[in-house]
Every structure is written in structure tokens, then in C-alpha cells.
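Enquirer: Below you will find the structure I want to go over with you.
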Amino acid sequence: IDDDSPEIAYFPFVNLEPSPNVTAGWQLLYTGSGAATSPGQLGVGSSYHYTSLNGASLMVNWTGTGIDLIGSVSNAMYNISLDGTLASAYSADPENTILASFNDLANTNHSLLL
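Position one of the sequence shown corresponds to residue 22 (the numbering used here), numbered consecutively onward.
Below, the structure is given as C-alpha cells:
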């Protein structure tokens, strides 16, 4: 699932303003064009979301038997819940881009909360 998929909900919101404010919520940027400068503008390159807001979260809903959450975290700890149950607390590891991995799940609907 790509980071800009409607299957992912970002909390408190995704900031779509041209000037990034990562302390207020999630920011959507593109590797080639940065932030959009007008509503509806398409980005150039790969998209990514980032924030420095303490307590920001995201939820992924999917159907399947596993998921790998890929990204990067620095100077932070985070919790992962799978299907409403706290799975574990994690610490930032700049060497590892897999933030969480779940396999061998029942082939049904799931939700992951970071």
C-alpha cells in the first residue's frame, strides 16, 4: 500500500499547505517537487509523509495475511497496535527501515495503528 493510499488515515491531519509545518501534523511531500503549491497539484517523484508532532499516528486497514510497515524514525519511540491489541513498543533504529512486521495472520480484514 503506498503512503498516499486512501487505506491509510493520518492523525491529526495531513497538512497540504505549501509551507511545511511538521510540528502541527503530517506533511505530504514528493521527492521531485516537494510540497504542492496549489490545491489539486500533482507531485513529481515518490511521495512520503513525515511529522515531528509528538502523538501523531496513522492507521492502515487491509485484507491479507501480513504487512511490513516501512519508513524511518529518528529520536522517537512508538507503539504498534494490530487489530486493536498493543503489539509492542519500539525505539528508533536508523539502520532498520522496517518499523513493524506481521506475518502468518488470518486472511481477513486487519488494522494497524502506529
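Cβ coordinates follow ideal geometry from the N, Cα and C atoms, glycine included.
1. Just to confirm the assignment, what range does the beta strand (DSSP E) spanning SER102 have?
2. Return helix, strand or coil for SER130, following the three-state DSSP convention.
3. Among residues of its own chain, excluding the 5 on either side of MET98, which ones have a beta-carbon nearer than 8 Å to its beta-carbon?
4. Please name the residue or residues paired with ALA30 in a DSSP beta bridge.
5. Near ASN82, what residues of its chain come up, given a Cβ to Cβ distance below 6 Å and the 5 sequence neighbours on each side ignored?
6. From ILE119 to GLY92, what does the alpha carbon distance come to, in whole angstroms?
7. Taking all protein chains shown into account, do 16 or more other C-beta atoms lie within 10 angstroms of the C-beta of ALA127, making it buried, or fewer, making it exposed?
8. Where does ALA45 fall in DSSP's three states?
9. Inspect the beta-carbon positions of GLY46 and PRO33 and report whether they are closer than 8 Å.
10. Pull up the CB-CB distance for ASP24 and SER95, whole angstroms please, since I reckon it's below 8 Å.
11. Could you round the C-beta distance between LEU74 and LEU135 to whole angstroms and report it? I think they count as a contact, below 8 Å.
Expert: On the basis of the data shown:
1. 98–103
2. According to the sequence as given, residue 130 is Asn; it is not Ser. In this structure, ASN130 counts as strand in the three-state DSSP scheme.
3. ALA110, TYR111, SER112 and ALA113
4. MET80
5. GLU28 and SER132
6. 6 Å
7. exposed
8. coil
9. yes
10. Wrong, their Cβ atoms sit about 17 Å apart, outside the cutoff.
11. Between LEU135 and LEU74 the Cβ distance is about 13 Å, and since that is not below 8 Å, they are no contact.
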